[in-house]
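Here's the structure we're looking at; comments come further down.
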Amino acid sequence: MKKLFLLCLMVAVCCLSFSYKKVLAHPLDFTVLQLGCHSAGSTMESVPHILVIGGIQGDEPGGFSAAALLGTHYEFKNGYVTIIPNLNFFSIVNRNRGSFGDMNRKFAKISRNDPDYRAVRRVQELIRSPEVDLILNLHDGSGFYSPIYVNEMQNPKRWGNSVIIDQEEFKDIPFGNLGEIGRRVVAKVNENLLEKGHSYHLKNTETAKGDKEMEKSLTWFALGQGKPAFGIEATKNVNTPGRVYYHLHAIEAFFEEAGIEFSRDFSLTIEGIGEALNTDIYLGFMDDRLILPLDDIKTSQIGVFPMRKNYGVKGNSPILTALAEKNMMQVYYGNNRLTNFKVEWLECDTSLESMEIEIDGNVYDAKFGDMLFAEEYVKILPQKGYRLNAIGAVVGNGPRGDESGIKIYKKDFQKRFSLDKKGNQYRLEVYCGAKYTGTFVLNYVQELPENPVYSPLE
Ligand SMILES: [Zn+2]
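First residue of the sequence shown: 20, per the numbering used here; consecutive thereafter.
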């Protein structure tokens, strides 16, 4: 992720790049990311603009994980890509198709009292926006669609590994030759199959001929607004990285069709996808006064954390969030509950943003939320009015004492207090009287990185 942010800085002059400056209004609101740019000689309206939607059904992690990577690990030129990675976020964290019924059957009509009402209306508005030229709706489908019956897993009733259109063409609009585009995309994906039996096919639902179910879908709604739309289905018969692999191959083929140039910072292989999905993931709370590193987080309860009521979450992936239930906080990454912790609801003190910290002999200025890396020890330089609690360390003068001004070594920590499974990451919490000020996460490492203080969400 670090590399990505550097890249963004370099191209920010012209390109809209991923950044998560905004705290979510509600931890389960869907995210809208707009990336891309146009060259000096053109306008935003004159370049292609694709809307990609993931997570309309909560139990299809291939689609929403692919969309999340698209929003965080890609850059685009000569066009725009708007990404909604987590449309049905409530169902994603609950790992079901639709907590309030199938959202993809609510686009013809929806009751105002339906809990999905706001999400459906918001996405319909985006579909209608004049600058959007083409819409892709990502799904994970069962088995393998095949126009002829091959076997139980591979036949016309299956959906997996297909590109879906509602009709062969939609006259007089750009990208209206749905069938032709779909067949070219299918051919491109078929050059990259993981296994021989995984062939993609084009599936035409011929919705206008009376498919009552498809008439309620997002793609049919889009066509009704004059917007070409495709469904993309990856097979549920492979694991999440495999599904993401197929989704991204298909989506990149659509970008090529549209003439949108793109680059990504990982290799499109199962290994590359696994790494992009599972490394450098961080979730911040309380304006980043606490940032949790999640790559190796313990799945069991990781302790008691001070938290203010309006805790505001912000992660570096749009499918990360945290939900408080009474005195417990649950941390989610897509369909997975990563960890949980107890919460002590406290007032927050915002009188201090950073502290001077000595790490292995050198002094650094670190903002709350920063990761600190040490080979040997860390010492928070004492500051009048503030108190350090190194969680799980046996140093200083008891649990309520101030542990600033003391060198804290890895051996001082009891491993059961570590955040990570390996036992290298610990919390340094700072308080101002009874109020909570902020946390540094300390990482004991074999070799000190070039910069031992790192702000992961900037
Ligand atoms: Zn689906």
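Note that the Cβ used here is the ideal one computed from N, Cα and C, for glycine as well.
Which of the three DSSP states, helix, strand or coil, is assigned to residue i?
i       : result
Asp-306 : coil
Thr-226 : helix
Glu-377 : strand
Asn-211 : coil
Met-233 : helix
Glu-344 : strand
Val-42  : Reliability fails at Val-42, whose pLDDT of 40 lies under 50, so the model's placement of it is uncertain and the value that follows must be treated cautiously. Reduced to three states, the DSSP call for Val-42 is coil.
Leu-296 : helix
Tyr-136 : helix
Val-66  : coil
Arg-356 : strand
Val-382 : strand
Gly-162 : coil
Leu-145 : helix
Glu-363 : strand
Val-205 : helix
Ile-338 : coil
Just how far apart, CA to CA, sit residue i and residue j?
i       : j       : result
Gln-444 : Gly-411 : 11 Å
Arg-177 : Glu-294 : 30 Å
Arg-406 : His-45  : 32 Å
Val-257 : Leu-313 : 25 Å
Leu-153 : Val-204 : 14 Å
Leu-43  : Lys-246 : Its pLDDT being 45, under 50, Leu-43 is placed unreliably by the model, and the measurement read from it follows with that caveat. Between Leu-43 and Lys-246, the C-alpha separation is close to 29 Å.
Ser-236 : Asp-121 : 10 Å
Tyr-473 : Asp-389 : 5 Å
Val-350 : Gly-73  : 20 Å
Pro-468 : Asn-113 : 38 Å
Ile-129 : Tyr-136 : 6 Å
Phe-274 : Leu-267 : 10 Å
Lys-190 : Ile-146 : 19 Å
Leu-287 : Glu-79  : 20 Å
Ile-183 : Glu-252 : 8 Å
Tyr-396 : Thr-101 : 45 Å
Asn-297 : Gly-229 : 43 Å
Val-449 : Thr-456 : 5 Å
Pro-325 : Asp-306 : 14 Å
Gln-320 : Asn-329 : 22 Å
Val-139 : Asn-132 : 12 Å
Met-374 : Met-347 : 29 Å
Gly-12  : Ile-69  : This structure leaves residue 12 out entirely; the chain is present only between 20 and 477.
Ala-277 : Gln-173 : 31 Å
Asp-299 : Thr-226 : 43 Å
Gln-53  : Asp-284 : 18 Å
Phe-49  : Lys-430 : 43 Å
Glu-232 : Gln-76  : 15 Å
Phe-360 : Gly-322 : 5 Å
Val-464 : Gly-55  : 37 Å
Ile-292 : Gly-420 : 46 Å
Lys-386 : Ser-118 : 40 Å
Ser-336 : His-92  : 10 Å
In terms of residues, what are the limits of the alpha helix (DSSP H) holding residue i?
i       : result
Phe-194 : Phe-194 -> no alpha helix (DSSP H), and no H or E assigned at all.
How would you write the range of the beta strand (DSSP E) that residue i sits in, first residue to last?
i       : result
Gln-444 : 444-451
Gly-55  : 52-56
Phe-324 : 320-326
Lys-333 : 332-334
How many whole angstroms separate the CB atoms of residue i and residue j, which I take to be in contact at a CB cut-off of 8 Å?
i       : j       : result
Phe-281 : Glu-94  : 7 Å
Leu-47  : Phe-126 : Actually they are not in contact, since the Cβ atoms of Leu-47 and Phe-126 sit about 20 Å apart, beyond 8 Å.
Gly-81  : Arg-356 : That belief does not hold up - the Cβ atoms of Gly-81 and Arg-356 are roughly 19 Å apart, past 8 Å.
Lys-454 : Glu-366 : 5 Å
Asn-196 : Glu-188 : 5 Å
Gly-303 : Val-332 : 7 Å
Ile-338 : Asn-105 : 5 Å
Ser-447 : Ala-409 : One point to set straight first is that residue 447 is Leu, not Ser, in the sequence displayed. Indeed they touch by this definition, with Cβ atoms about 5 Å apart.
Gly-250 : Thr-238 : 6 Å
Ile-289 : Tyr-301 : The pair is not a contact, with the Cβ atoms about 24 Å apart (cut-off 8 Å).
Ala-87  : Val-71  : No, Ala-87 and Val-71 are not in contact; Cβ-Cβ is about 11 Å, not under 8 Å.
Asp-384 : Cys-451 : No, Asp-384 and Cys-451 are not in contact; Cβ-Cβ is about 18 Å, not under 8 Å.
For ligand 3, is there any heavy atom lying closer than 7 Å to the beta carbon of residue i?
i      : result
His-68 : As presented, the structure is devoid of ligand 3, carrying ligand 1 as its sole ligands.
Exercise for the section: Would you list, in sequence order, the uninterrupted alpha helix (DSSP H) runs of no fewer than 4 residues that lie entirely inside the segment 73-133? Expected result: 80-92, 108-112
Exercise for the section: Give, in chain order, every unbroken run of the beta strand (DSSP E) that is at least 3 residues long and sits entirely within the segment 165-192. Expected result: 181-184
Exercise for the section: Would you list, in sequence order, the uninterrupted beta strand (DSSP E) runs of no fewer than 3 residues that lie entirely inside the segment 385-470? Expected result: 390-393, 396-399, 406-409, 444-451, 454-463
Handout entry: Contained beta strand (DSSP E) runs [length at least 3] in the segment 240-279, N- to C-terminal order
Key = Segments of the beta strand (DSSP E) lying fully in the segment 240-279: 248-254.
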